[in-house]
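Notes follow once the structure below has been shown.
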Amino acid sequence: MIETRELDVRVAGRLLVERLDWRVAAGESWCVLGPNGAGKSTLLRTIAGLRALDAGSVTLAGKPLPEWPLPALARERAYLAQSRGDAFAYRVIETVLMARHPYHADRYWEGSDDHAAAENALRTLDVLHLAQRDVRTLSGGERQRVAIAALLAQETPLLLLDEPANALDLAHQVAMTALLARLCREQGRAVVAVGHDLNLAWSGATHALLLHGDGQWRAGPVAQVMRADLLGACLGQPIAVIEHGGRTIFLPDAPAPMTGAVPIRRTQ
Amino acid sequence: MDAFLASTRMRRRSTLALLGACALLALAIAGLAGSVPLPLAELPHAFAGLLTGAPDGMAATLLDLRLGRASSAFVTGAALALAGVMMQALVRNPLADPYVLGVSAGAAVGALAALLFGAALWLIDAGALLGAVAISLLLYLLARRDLGGMRGGARSGAQTGESSVLLLTGVVLASACMALVTLMLSVAPESRLRGMVFWMIGDLAGTSWRLLPWAVLAAALCMALRRARALNVMALHADAAVALGVDVAGERRFLFLCSGLLTACAVTTGGSIGFVGLVVPHACRHAFGPDHRILLPAAVLAGGGFLVLADTLARTVLAPQQLPVGVLTALIGVPVFLFQLHQLHLRAR
């Protein structure tokens, strides 16, 4: 579905990801893991086409990203930004209806099919009861769910999400992760989600991409990539992987005594 | 579902029809009100004379004068309100007005310079237009990066729609222009001061039928309506508008140029009339919601009607003395604005 070749990601001159060769196929759910400032969001914006390429190429459905017209691209991939600032008093249903924009640039008012798609998305995210509310009065978690609902209403084969679990309560984190996994499994969509919660990532994702922040990266199925040693080296925090009752649980481990990779050093 | 859709569409249509009727009513009041009463019996004849382009007799001449001024008032108010809506969408701030980027300050420099040297009437208008265009071009050059030079610009990361560069540059240029204005006011001879101050406040006295502002307004409204959906997306998501297929850089350039042109037109006709461009879009947003598909035509009708009424008041309240209309728009606008702000505050709690 989307493929990168020798892609470099640079922010302010620093090389964060070097020569990334990465392929996301339909039906795969990827989690992107890494420490703060490792270029996770920037990589996501790059493959979403919101940012100029530094080096290398990105192809979506076999066609290079810069060659896609913007409206056609918007029917192919949806993007959830990390945060939202609402300046105007739009109602929740209006914000979700706007996600239908790429489909009918020629329509002045939305049709009943758009309303049906929007209401379905709101119902899926458990926020249909908020439909007439002013978005500026929502709580952080409610706003996040409305934004994910808008993403679904865009009805694209590829979903790119920057920290979708942000501000969600535990129940909705679990439900959202299950929802994304189901979309991949049952509808053959592809998901790339940036996150920090290893347990959520493990439960929802089929593949993982680790970004170290110094150019190094590692991509593959979760079973091969989400190993204690690899995660520990990537995140700068030793990770313990515990098998318990047929489940895999990730916990931060006590720092090894002589590791130099721990980011916070104690001063004497 | 379909019934619900049909009813909301019906409501939108009736809202616009009601606003249109109010605007027509305002124009009718402007035609009838004045220090010399118009006998109703002579109206049909006068109106017919006006339509055929040969007004004869007292009533027809009066009607011609009043409606000419009212039409200027309407187009000026409508242009300012439309420019206000556009500017607010451009800088993503509901408290912006058409003057925030300094277009009116530039026009003031041009017009006041012409007034200072005692130039002819058309030179004053030309000076205002020149000043407005010059300041717009300067601003465009300085903030080009912020407005996005091309489609690639929309993807360059810096182009997120958070237009602090544009806004700050505009505000700084505006204050530079205001310094020039103050300088000219302080060196101006007594005799010309009154005209200069009236221009600054905004005055529609002596305006008559003009085609150009109407053409600009109609063109701007048509183009804006075609982009209304994209404007909604942009106003909601700064960053994600590109993700929804909106050419953000192109839309921002359109908003900048269009609101600049409308403001230049309005300021050239009536001087820098305050508050219409801030209060009318705000009131419309408050009453009809932030959806640009209804907001744009509503603001045009409401802004035009509002300024026609304010101008009619300005020339009748203290008749035969005429007040500059800018005084009345501010006097009406400030309490309305404060009331709304207070309402919003209450509602948010």
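If you're matching them up, the sequences are chains A and B in order. Everything in the first sequence is counted per my numbering, starting at 6 for the first residue and increasing by one. Everything in the second sequence is counted per my numbering, starting at 19 for the first residue and increasing by one. A virtual CB, placed ideally from N, CA and C, is assigned to each residue, including glycine.
Contact under 7 Å by Cβ, residue i with residue j
{"i": "B:Leu341", "j": "B:Met214", "result": "no"}
{"i": "B:Ala41", "j": "B:Gly322", "result": "yes"}
{"i": "B:Ala77", "j": "B:Leu56", "result": "yes"}
{"i": "B:Leu313", "j": "B:Leu331", "result": "no"}
{"i": "B:Phe324", "j": "B:Gly95", "result": "yes"}
{"i": "B:Gly399", "j": "B:Ile142", "result": "In the structure as shown, chain B starts at 19 and stops at 367, and residue 399 of chain B therefore has no counterpart that could be examined."}
{"i": "A:Asp216", "j": "A:Val22", "result": "Note that residue 216 of chain A is Leu in the sequence shown here, rather than Asp. Yes, the Cβ-Cβ distance between A:Leu216 and A:Val22 is below 7 Å."}
{"i": "A:Asp219", "j": "A:Pro243", "result": "no"}
{"i": "B:Ala99", "j": "B:Val298", "result": "yes"}
{"i": "A:Val101", "j": "A:Leu135", "result": "no"}
{"i": "B:Ala238", "j": "B:Leu280", "result": "yes"}
{"i": "A:Ala180", "j": "A:Ala158", "result": "no"}
Per-residue DSSP class, three states only, for residue i
{"i": "A:Leu127", "result": "helix"}
{"i": "B:Val118", "result": "coil"}
{"i": "A:Arg148", "result": "helix"}
{"i": "B:Ile291", "result": "coil"}
{"i": "B:Val352", "result": "helix"}
{"i": "A:Arg19", "result": "strand"}
{"i": "A:Trp35", "result": "strand"}
{"i": "A:Val197", "result": "strand"}
{"i": "A:Arg82", "result": "strand"}
{"i": "A:Gly220", "result": "strand"}
{"i": "B:His255", "result": "coil"}
{"i": "B:Val109", "result": "coil"}
{"i": "A:Arg50", "result": "helix"}
{"i": "A:Asp167", "result": "strand"}
{"i": "B:Asp74", "result": "coil"}
{"i": "A:Arg56", "result": "strand"}
Residue i to residue j span [Cα, whole Å]
{"i": "B:Gln177", "j": "B:Met252", "result": "Per-residue confidence for B:Gln177 stands at a pLDDT of 43, beneath the threshold of 50, marking its modelled position as unreliable; no derived number is given."}
{"i": "B:Arg169", "j": "A:Tyr108", "result": "Low confidence applies here, because B:Arg169 scores a pLDDT of 39, under 50, leaving its location unreliable and the question unanswered by this model."}
{"i": "B:Glu269", "j": "B:Ala101", "result": "14 Å"}
{"i": "B:Ala91", "j": "A:Gly145", "result": "45 Å"}
{"i": "B:Pro62", "j": "B:Leu50", "result": "13 Å"}
{"i": "A:Asp59", "j": "B:Arg163", "result": "19 Å"}
{"i": "A:Val246", "j": "A:Glu191", "result": "29 Å"}
{"i": "A:Ala228", "j": "A:Ala238", "result": "16 Å"}
{"i": "A:Gly32", "j": "A:Cys189", "result": "4 Å"}
{"i": "A:Trp207", "j": "A:Thr182", "result": "10 Å"}
{"i": "B:Leu211", "j": "B:Val285", "result": "19 Å"}
{"i": "B:Ala194", "j": "A:Asn125", "result": "53 Å"}
{"i": "B:Asp291", "j": "B:Pro112", "result": "Looking at the sequence shown, residue 291 of chain B is not Asp but Ile. Rounded to the nearest angstrom, the two C-alpha atoms are 19 Å apart."}
{"i": "A:Pro226", "j": "A:Gly209", "result": "12 Å"}
{"i": "B:Thr33", "j": "B:Thr334", "result": "30 Å"}
{"i": "A:Arg10", "j": "B:Arg30", "result": "50 Å"}
{"i": "B:Ala97", "j": "B:Leu159", "result": "24 Å"}
{"i": "B:Pro116", "j": "B:Arg247", "result": "21 Å"}
{"i": "B:Leu186", "j": "B:Leu156", "result": "13 Å"}
{"i": "A:Leu256", "j": "A:Pro76", "result": "43 Å"}
{"i": "B:Gln361", "j": "B:Ala301", "result": "11 Å"}
{"i": "B:Pro338", "j": "B:Val54", "result": "10 Å"}
Proximal residues of chain C, C-beta to C-beta of residue i below 7 Å
{"i": "B:Gly263", "result": "Judged by its chain identifiers, the structure shown contains no chain C, and its protein chains are A and B."}
Outcome for residue i when other beta-carbon atoms lying within 10 angstroms are tallied against a minimum of 16
{"i": "B:Cys240", "result": "exposed"}
{"i": "A:Asp119", "result": "buried"}
{"i": "B:Ser122", "result": "buried"}
{"i": "A:Gln273", "result": "Reliability of the predicted coordinates at A:Gln273 is poor, the pLDDT of 44 falling under 50, and no value is obtained from them."}
{"i": "A:Glu72", "result": "exposed"}
{"i": "A:Arg194", "result": "buried"}
{"i": "B:Gln106", "result": "buried"}
{"i": "A:Leu185", "result": "buried"}
{"i": "A:Ser34", "result": "buried"}
{"i": "A:Phe93", "result": "buried"}
{"i": "A:Arg128", "result": "exposed"}
{"i": "B:Ala172", "result": "A caution first: B:Ala172 carries a pLDDT of 40, below 50, which makes its placement in the model too unreliable to give a value."}
{"i": "A:Asn171", "result": "buried"}
{"i": "B:Thr70", "result": "exposed"}
{"i": "A:Ile254", "result": "exposed"}
{"i": "B:Trp227", "result": "exposed"}
In DSSP terms, what residue i is bridged to
{"i": "A:Lys68", "result": "A:Leu65"}
{"i": "A:Trp207", "result": "DSSP lists no partner for A:Trp207."}
{"i": "A:Pro257", "result": "A:Ile244"}
{"i": "A:Glu8", "result": "A:Arg28, A:Thr64"}
{"i": "A:Ala213", "result": "A:Cys36, A:Gly225"}
{"i": "A:His249", "result": "A:Arg252"}
{"i": "A:Asp139", "result": "A:Arg96"}
{"i": "A:Asp13", "result": "A:Ala60"}
Any non-hydrogen atom of the ligand GDP closer than 6 Å to residue i Cβ
{"i": "A:Asp234", "result": "Here there are no bound small molecules, and the ligand GDP is not part of this structure."}
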